[in-house]
Amino acid sequence: MKFTVIITTAPYGQERAYSALRFALTALVEGIDVNIFLLEDAVYVAKGTQNPVDVPNYLELLTGAIDAGAVVKACGPCSKARGVSEDLVEGVQLATMHDLVDFVKDADRTITF
Numbered sequence: 076m077k078f079t080v081i082i083t084t085a086p087y088g089q090e091r092a093y094s095a096l097r098f099a100l101t102a103l104v105e106g107i108d109v110n111i112f113l114l115e116d117a118v119y120v121a122k123g124t125q126n127p128v129d130v131p132n133y134l135e136l137l138t139g140a141i142d143a144g145a146v147v148k149a150c151g152p153c154s155k156a157r158g159v160s161e162d163l164v165e166g167v168q169l170a171t172m173h174d175l176v177d178f179v180k181d182a183d184r185t186i187t188f
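Numbered according to the working numbering, the sequence shown spans residues 76 to 188.
Written as structure tokens, this is what we have:
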């Protein structure tokens with residue numbers, strides 16, 4: 076089984092990205108393959124220089140998912156528009172809508188946060 080998780084919200088402003096990453100990690104623990112696509116403001120989740128204090132570190136959750144086998148792609152135009160395309164953590168690939176379509180076609184289930 077394979078899930079595609081689409082994240083659209085920025086980290087720390089709301090808890091949707093946090094919930095999405097926890098969902099993805101739980102699916103991976105249960106042996107489900109996971110693709111994660113960061114869209115719109117969610118590209119900030121993969122910003123390599125974040126270092127929050129007193130809140131969960133989304134970057135640690137994302138790298139944990141990558142280490143557990145998740146394939147993670149970030150919308151290239153979204154990343155460039157927000158000035159983060161050069162600052163994405165290792166393991167996150169810049170992508171296009173074609174990549175998102177491929178993720179969705181390849182998945183048994185798709186969920187958006």
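Cβ coordinates follow ideal geometry from the N, Cα and C atoms, glycine included.
Task: Cα-Cα separation, G139 to A92 - done: Taking the first residue of the sequence shown as position 1, residue 139 is located at position 64. Taking the first residue of the sequence shown as position 1, residue 92 is located at position 17. Cα to Cα, G139 sits roughly 14 Å from A92.
Open item on the list: From the DSSP secondary-structure annotation, give me the bridge partner or partners of N110.
Closed with: For the purposes of this step, residue 110 is taken as residue 35 along the sequence shown, with counting starting at 1. Paired residues: T79, V146.
TODO: For L175, I'd like the list of residues in its chain whose CB is within less than 6 Å of its CB, leaving aside the five on either flank, ordered along the chain.
DONE: Here residue 175 refers to the residue found at position 100 of the sequence shown. Same-chain partners within the cutoff: F112.
Task: Boundaries of the beta strand (DSSP E) in which L169 is found, first to last residue - done: The count along the sequence shown starts at 1 and reaches residue 169 at position 94. Run containing L169: 167-170, per the beta strand (DSSP E) assignment.
Task: Reduced DSSP category for T187 - H, G, I as helix; E, B as strand; rest coil - done: Translated into positions along the sequence shown, residue 187 becomes position 112. In this structure, T187 counts as strand in the three-state DSSP scheme.
Task: Y119 versus G88 - alpha carbon distance - done: Translated into the one-based positions of the sequence shown, residue 119 becomes position 44. Translated into the one-based positions of the sequence shown, residue 88 becomes position 13. Their Cα atoms are separated by approximately 11 Å.
Open item on the list: Less than 8 Å between the beta carbons of T83 and E115, yes or no?
Closed with: The sequence position of residue 83 within the sequence shown is 8, counting from 1. The sequence position of residue 115 within the sequence shown is 40, counting from 1. Pairing T83 with E115 gives a Cβ-Cβ distance under 8 Å.
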